[in-house]
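Okay, so here's the structure we're looking at.
In the numbering used here, the protein residues as written are 736 to 1073.
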């Protein structure tokens, strides 16, 4: 029989379609059993209220963090411009204070000369005590002014290297001088850049979460992964569908027939071999392709009634996928001609 008639019942691949990573109450079934569907057709819908609220909340958070990033970026840019301007202004201020110091030193030297002259005149009676006191006060005030300006200049130049100070003494140009106040300001700017990076990372995380929520929202509508026929719907309207639980059993258009041949015939049915078969119910010929040939379970072996019961011939299961033709239905008997 295996040599003369190689037949089998047409079967189709079946797949369980499930809600991926989402669950909830079924609010609508778009199909019924035995209905044919195309790839992408909606099959079942879950309630979306909670997911939509989560999306709205997360969208508001993303908008808030986006605004915070823009605000921090603008603040950093403004502070950076102010720091650069402050650095330039400080260089000019140093040059101005240096000029004031030189003028103060000149005034101090002049006041010292006047004080010394009035001291000598007082000894000879050429100047009064009040004139001497006035000259002494002018000299003391000029010395205090020099000390004050020197302190101011030293404060402004904190952070400058000895080489920069020496160059400044020669050129009277403070441009390029390292200033501690500006260094601290730029360190604060760098810290704000780190804070900005943290806000951006939080924004990226929120955007990723929002994207995942939107993906989950799209998964609330179960769609057909390929063409086929609905065999069974696992949930009714109003029932709770757990995440990952099969919801629809779909019979695909991938139809095949299994035949059994003995070991002497199996070489004619290697994977990829093209064969022709007869559909008895339709009285039509259909083309097929061998998917695999594998040793069948021992119950399919051909045995004779011998003392030890060894198998005379080992059977092989050959699966042949059929090309679709009109009115070809599962359950029909297929006879392979080859």
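For each residue, glycine too, the CB sits at the ideal point set by N, CA and C. Owing to the predicted nature of the structure, the values given are computational and were not obtained by experimental measurement.
- Contact between residue 891 and residue 839 does not hold, since their C-beta atoms are separated by about 15 Å, which reaches or exceeds 8 Å.
- Looking only at 1021, 1019, 1054, the smallest Cα-Cα distance to residue 1031 is reached by 1054.
- By the criterion of a C-beta distance shorter than 6 Å, residue 763 is surrounded in its chain by 780, once the five residues flanking it on both sides are discounted.
- In the three-state scheme derived from DSSP, where H, G and I count as helix and E and B as strand, residue 893 is classed as coil.
- With fewer than 16 other Cβ atoms inside 10 Å of its own Cβ, residue 824 counts as exposed.
- In the displayed model, residue 847 falls within a helix according to three-state DSSP.
- By the neighbour-count definition (other C-beta atoms within 10 Å, threshold 16), residue 813 is an exposed residue.
- Note that the C-beta distance between residue 1006 and residue 1021 is not below 8 Å.
- The residues 917, 920, 921, 924, in chain order, have a CB closer than 8 Å to that of residue 818 in the same chain once the five nearest residues on each side in sequence are set aside.
- For the set 970, 934, 821, the Cα lying nearest the Cα of residue 983 is the one of 970.
- Each residue's CA atom was taken as its position, placing residue 899 and residue 938 some 44 Å apart.
- Nearest to residue 991 by alpha-carbon distance, out of 1060, 875, 834, 981, is 1060.
- Less than 8 Å divides the Cβ of residue 768 from the Cβ of residue 966.
- Put simply, of 985, 907, 929 the residue whose alpha carbon is nearest the alpha carbon of residue 833 is 907.
- For residue 1050, the enclosing beta strand (DSSP E) begins and ends at 1050-1057.
- If you draw a 10 Å sphere on the C-beta of residue 910, you find fewer than 16 other C-beta atoms in it, and that means exposed.
- Rounded to whole angstroms, the Cβ separation of residue 981 and residue 753 is 5 Å, and the two are in contact under 8 Å.
- In terms of Cβ geometry, residue 790 and residue 987 do not form a close pair [threshold 8 Å].
- Assignment of residue 987 by DSSP, reduced to helix, strand and coil, places it in the strand class.
- Here DSSP, grouped into helix, strand and coil, assigns residue 830 to helix.
- The C-alpha of residue 855 lies about 14 Å from the C-alpha of residue 846.
- Using a C-beta cut-off of 8 Å, the region 927-944 makes contact with the region 791-807, since at least three inter-stretch Cβ pairs fall below that distance.
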